[in-house]
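Student: Note that the sequence shown covers residues 14 to 451 in my numbering. Backbone N, C-alpha and C define an ideal beta-carbon position, used for all residues, glycine too. Here the structure is a predicted model, which means the values were calculated and not measured. Below you will find the structure I want to go over with you.
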Amino acid sequence: MTPTKGLKKTLTPFMLWGLGVGYVISGMYFGWNLGLEKGGTGGMAIATLVIMLMYITFTFSYAELACAIPKAGGVFDYANRAMGENIGFIAGIAQIVEFILAPPAIAFAIGAYFNAFYPQVPILTSAISIYFIFTALNVYGVKAAASFEVIITVFAVGELLLFSGLALPKFEMVNLTHHALPNGWSGVFAAIPFAIWFFLGIEGIANVAEETKNPQRDISRGFGWAIFTLAILCVLVFIGATGIAGWEAIVYKNGLSGETSDSPLPLALAKITGNNHLMYHLLITVGLFGLVASFHGLILAAGRSTYEMGRVHHIPSFLGKISPRFHTPANALIGNMLIGILALLSGKTSEIIIVSVFGALTLYIISMISIMILRKREPELPRPFRLRFYPLFPIIALVIATISIIAMFIFNPKLGLIYCSILVVTFLLYRTIKSEDK
């Protein structure tokens with residue numbers, strides 16, 4: 014009997030919630046605190062609230078596209094339909110950049126966690142090992158991968174709620190307002206990439222639309238539940254962590270200045286319990302679940318994004334092949350792993366995060382333009398989930414994303430140039446190959 018060529022439809026709304034929260038939740042555990050160094054509590058809070066508004070409006074707008082066009086390519090498929098294959102290609106590459114470059118930074122953090130417990134194991138060894146483990150899990154099957162994701166996401170959410178329960182009773186407003194805008198309004202714009210890191214990746218829900226049992230109904234539910242959960246966690250973590258001893262205490266390892274830390278929650282909790290308390294060790298141990306959830310979830314989403322681009326021959330076609338045994342995009346997953354390991358070996362984790370954010374913002378801009386074009390050009394397109402606040406929501410998301418990417422180019426010109434070079438070089442290769450095929 015010939016095996017089915019398509020992707021298996023096994024995902025439920027609860028699994029979609031687990032994937033959506035899991036893609037993002039590592040941003041609650043590390044990385045966001047570096048925005049405090051740029052903008053202080055005031056600057057980072059303003060940036061976070063504005064970015065949260067962008068994600069809420071973007072998420073529900075993107076859900077309409079995902080339900081109307083439930084394809085694994087996500088924004089690539091939406092832009093391709095709305096603006097043609099050239100813009101579709103750029104959107105697809107931006108999405109691949111986001112999803113492939115975020116995991117190496119998370120892998121490095123996971124390696125650092127293991128190194129803290131087992132100093133004899135080098136960070137890179139652990140980081141590369143988990144790449145192989147979780148790529149293999151995703152190759153094996155999406156149901157197993159998604160079930161694992163839901164389990165570790167529930168643990169990670171529970172740990173953040175436990176942290177908030179311990180931290181919020183010790184909250185003091187003076188710690189939140191002290192030195193709140195050290196760099197003035199420029200600090201607000203400089204903090205934008207780190208505010209985005211709080212929510213980066215939630216759009217990956219759309220990339221498993223083809224594997225959802227009832228995508229036209231369930232995708233919007235998954236998006237809605239996930240963004241609601243993440244918004245609450247973001248507020249709890251931000252206020253709880255900064256309100257204990259001020260922002261410097263969760264940015265710098267010595268609490269004053271110098272070397273920055275990727276462990277804001279343990280630093281905050283140590284101020285309450287000390288670093289030998291059971292709760293402190295529990296936070297560090299279970300915190301690993303948050304990192305693994307995002308790492309694993311983004312690998313899953315990246316595989317689908319690369320698969321769809323390969324399926325239509327916009328990148329090497331072998332990446333668009335489905336494994337006849339597992340019915341998963343095995344070639345795309347393995348290809349993404351190799352690129353991720355190369356990025357990991359560069360050691361430039363913070364720079365990799367910023368380039369990933371450039372890709373995300375490009376995705377947001379193109380997708381919001383796409384929803385408005387499709388609403389006008391194809392009013393008859395079946396839309397099982399129809400955005401109630403149209404055109405307000407996509408316009409808000411588009412404006413904030415555009416201002417954010419301009420600010421990022423101003424504060425990160427070299428990385429912006431690298432990102433633009435990736436888009437230009439890949440686009441020229443694509444057009445060259447297309448012209449030769451003709």
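1) Using DSSP with H/G/I as helix, E/B as strand and the rest coil, what is TYR131?
2) Just to confirm, are LEU304 and ILE119 a CB contact at a threshold of 7 Å?
3) What does THR225 pair with, by DSSP beta-bridge criteria?
4) Let's see if you can read the secondary structure: which residues bound the alpha helix (DSSP H) around ILE328?
5) From GLY333 to MET322, what distance separates their C-alpha atoms?
6) Hey, how far is the Cα of GLY40 from the Cα of GLY310?
7) Which word fits PRO16, buried or exposed, when buried means at least 16 other C-beta atoms lie within 10 angstroms of its C-beta?
8) For TYR377, which residues does DSSP report across the bridge?
9) Count the other C-beta atoms from every protein chain shown that fall within 10 angstroms of the C-beta of GLN133, then say buried if there are 16 or more, exposed otherwise.
10) Based on Cα-Cα distance, which residue from GLY316, THR166, SER383, MET381 lies nearest to VAL221?
11) For TYR265, tell me which candidate among MET28, LYS22, GLY48, LEU32 has the shortest Cα-Cα distance.
12) Taking three-plus beta-carbon pairs below 8 Å as touching, is the region 70-89 in contact with the region 279-296?
13) Please state the DSSP three-state secondary structure of TYR265.
14) So what does THR273 bridge to, in DSSP terms?
15) Do we get a CB-CB distance below 7 Å when we pair LEU357 with the residues of chain D?
16) Would PRO116 and PHE308 qualify as a contact pair, given that the criterion is a beta-carbon distance under 7 Å?
17) Note the first and the last residue of the continuous alpha helix (DSSP H) segment covering ARG396.
18) Out of curiosity, what's the CA-to-CA distance linking PHE43 and ASP275?
19) For PRO395, count neighbouring Cβ atoms within 10 angstroms of its own Cβ and tell me buried if that reaches 16, exposed if not.
20) Should ALA204 and LYS84 be called a contact, given that it needs their Cβ atoms to be closer than 7 Å?
21) Check for me: the alpha helix (DSSP H) holding PHE4 runs from which residue to which?
22) Please classify TYR527 as buried or exposed, where buried requires at least 16 other C-beta atoms within 10 Å of its C-beta.
23) Suppose you measure from the CA of MET14 to the CA of ALA158; what does that come to, to the nearest Å?
24) Which value, in whole angstroms, describes the spacing of the CA atoms of ILE365 and THR375?
25) Are GLY235 and ILE215 closer than 7 Å when you measure CB to CB?
26) Measure the C-alpha to C-alpha separation of GLY101 and VAL88 and round it to an integer number of angstroms.
27) Round the Cβ separation of ASP90 and ILE103 to the nearest angstrom and send it over; I've been treating them as touching at under 8 Å.
28) Considering only the alpha carbon of each residue, which of ALA254, LEU173, THR54 lies closest to HIS191?
29) CB-CB under 6 Å to TRP210, same chain, minus the five flanking residues each way: which ones, in chain order?
30) Please return the same chain residues whose Cβ sits closer than 7 Å to the Cβ of SER74, not counting the five positions on each side in sequence.
31) Let me know if ARG324 comes out buried or exposed under the rule of 16 or more other beta-carbons within 10 Å of its beta-carbon.
32) Cutting at 6 Å between CB atoms, please list the residues of its own chain near PHE112, excluding the five before and the five after it.
33) Just to check my reading of the structure: LYS447 and GLU224 have Cβ atoms closer than 8 Å, yes? What is that Cβ distance to the nearest angstrom?
34) Please give me, in chain order, every unbroken run of the alpha helix (DSSP H) with length at least 4 that falls completely inside the region 151-195.
35) Secondary structure at PHE211, three-state DSSP: helix, strand or coil?
Tutor: According to the structure shown:
1) coil
2) yes
3) LEU24
4) Neither: ILE328 is in no alpha helix (DSSP H) and is coded neither H nor E.
5) 7 Å
6) Taking the straight line joining both Cα atoms gives about 13 Å.
7) Residue confidence for PRO16 is low, a pLDDT of 40 falling below 50, so the modelled location carries little weight; the figure read from the coordinates is stated next. Exposed, because fewer than 16 other Cβ atoms sit within 10 Å of the Cβ of PRO16.
8) DSSP output for TYR377 lists no bridge partner at all.
9) When all chains shown are included, GLN133 counts as exposed.
10) GLY316
11) GLY48
12) no
13) strand
14) According to DSSP, which records beta bridges pairwise, THR273 is partnered with TYR265.
15) Given the protein chain composition of this structure (a single chain), no chain D is represented.
16) yes
17) Careful: ARG396 lies outside any alpha helix (DSSP H) and carries neither H nor E.
18) 5 Å
19) PRO395 is exposed by the Cβ-count criterion.
20) no
21) The shown model of the chain, from 14 to 451, leaves out residue 4, and the question about it has no answer.
22) Any answer about residue 527 is impossible in this case: the structure gives the chain only from 14 up to 451.
23) Low per-residue confidence applies at MET14: pLDDT is 33, beneath 50, and the placement is therefore not dependable, though the value from the model is reported in the following sentence. Those two C-alpha atoms are separated by around 26 Å.
24) 16 Å
25) no
26) 8 Å
27) That pair is no contact at about 13 Å.
28) THR54
29) Beyond the five residues adjoining it in sequence on each side, TRP210 comes within less than 6 Å, by CB distance, of GLY40, GLY44, TRP45 in the same chain, given in chain order.
30) Here SER74 has MET381, ILE384, LEU400, PHE406, PRO407, ALA410 as same chain residues with Cβ atoms under 7 Å from its own Cβ, once five neighbours each way along the sequence are excluded.
31) buried
32) Counting only Cβ-Cβ distances below 6 Å, and skipping sequence neighbours, we find LEU311, ALA314, ALA315, SER318.
33) 29 Å between Cβ atoms; not a contact.
34) For the region 151-195, whole alpha helix (DSSP H) runs of length 4 or above, ordered along the chain, are 155-180, 186-190.
35) coil
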